[in-house]
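These notes are about the structure you will find just below.
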Amino acid sequence: SGYRKVLEENRKLYNQVQDLKGNIRVYCRVRPFLPGQPSGLSVVEATDDQTLTIPNPGKYGKGKKSFNFNKVFGPSASQEQVFSDTQPLIRSVLDGYNVCIFAYGQTGSGKTYTMTGPKELTTEGLGVNYRALGDLFQISEQRKDSICYEIYVQMIEIYNEQVRDLLVTDVNTLEIRNNSSNGVNVPNANLVPVTSTTEVIHLMTLGHKNRTVGSTAMNDRSSRSHSCLTVHVQGRDLTSGSTLRGCMHLVDLAGSERADKSEAIGDRLKEAQHINRSLSALGDVISSLAQKQSHVPYRNSKLTQLLQDSLGGQAKTLMFVHISPEPDALGETISTLKFAERVSTIELGAARTNK
Ligand code: ADP
């Protein structure tokens, strides 16, 4: 019957969510060639929904290389498909879990596309951030007879190890406080109540305008800051009066390319060094969590401090690793895959036998 199907579906979702606890999942997404680019020369191939293959690594190694992920999305995957595998994770925020979703990859590999969408936003193009909030609104509406939810967002940028509020136009540097009583760890950043996706789009548009952008040799509008949309959820059970709190960080990381590639000097070089340092601090935190080490080095960067409450323990973490298909990008693609390998609890790089 229909009812049994719903139960079955719920159990499946529940199991997936339980799987995610304390673990990091890694999803890989390959960007399509862009209009105007010569196509058909992709250096990577999504051989199945969990395997990415580099048929010919050239100077980076002999013979084809395969990498396994929890999920691989090829260049034709839609925003909706990418989101549907993220949904159970997001829903658990309403049950009081902390969740962290990152977009990692070199500049131009599609991080912003996954998290936000294309420059000209369409309904189909809406990225994970909007869809996630949309889901939270929808489910809180469905549960409104038993639980009263309040949803708030913050939008923060980390640039050169300084934390800034993206929802105000004046430059300000904020402090991170972990273990605050209300779970808000950047207490002086705007915390805006939201009730609809339209409001979120409005806020994020403002935030993106305020985000630091400059120019490098690789991409003249590349972002060299980490931006983070944080969602705070508070739910009150209308019968018992008990409350729960969940938090979700949606992070569009700065480009992972190495400084020497972008021919950076002066300020650009300093930015690149800050980025490299904070991304490796993130890698260190995640890999020490994956190895269940007793000391987790959260305090080595502002980024890991910001995310501390949502990494490890009962929190659920998902990393989207972005891959560019171009031959020029192969060196960066390989170092991106090495990063993924370092933070993954699944065995990556172990070539699968061909089936
Ligand atoms: P990043 O944030 O990693 O620097 P972007 O998200 O800005 O990269 O992507 C670079 C360009 O590629 C943008 O023009 C974006 O719209 C386009 N793009 C990225 N991923 C996709 C995709 N999956 N499908 C279509 N276009 C994409």
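First residue of the sequence shown? That's 416 in the UniProt record's numbering, and the numbers climb one at a time after it. All residues carry an ideal CB built from backbone N, CA and C; glycine is no exception.
Would you kindly report the start and end of the unbroken alpha helix (DSSP H) that includes Glu686? Gly681 to Ala705
Out of curiosity, what's the CA-to-CA distance linking Ser642 and Thr620? 13 Å
Could you check the C-alpha separation between Val615 and Gln452 for me, to the nearest Å? 33 Å
As assigned by DSSP and simplified to three states, the class of Val487: strand
With respect to the beta strand (DSSP E) encompassing Leu467, which residues constitute its N-terminal and C-terminal limits? Thr466 to Ile469
Starting from the C-beta of Arg546, find all residues in its chain whose C-beta is less than 7 Å away, skip the five residues before and the five after it, and write them out in chain order. Phe498
Coil, strand or helix - Pro503 by DSSP: helix
Just checking, does the stretch 688-696 make contact with the stretch 534-541 on the three C-beta pairs under 8 Å criterion? no
Would you report the Cα separation of Gly661 and Phe735, rounded to the nearest angstrom? 21 Å
In this structure, how does DSSP classify Glu672 when only helix, strand and coil are distinguished? coil
At a threshold of 7 Å, does Arg446 count as lining the ligand ADP (C-beta to nearest heavy atom)? yes
State yes or no: is the C-beta of Tyr713 within less than 8 Å of the C-beta of Gln706? no
So who's on the other strand from Glu460, going by DSSP bridges? Thr468
From the DSSP output, in three-state form, read off Pro602 for me. coil
Contact set for Glu672: own chain, Cβ-Cβ below 7 Å, skip 5 residues either direction: Gln521, Thr522, Met633 and Glu747
Across which residues does DSSP place Met570 in a beta bridge pair? Leu644
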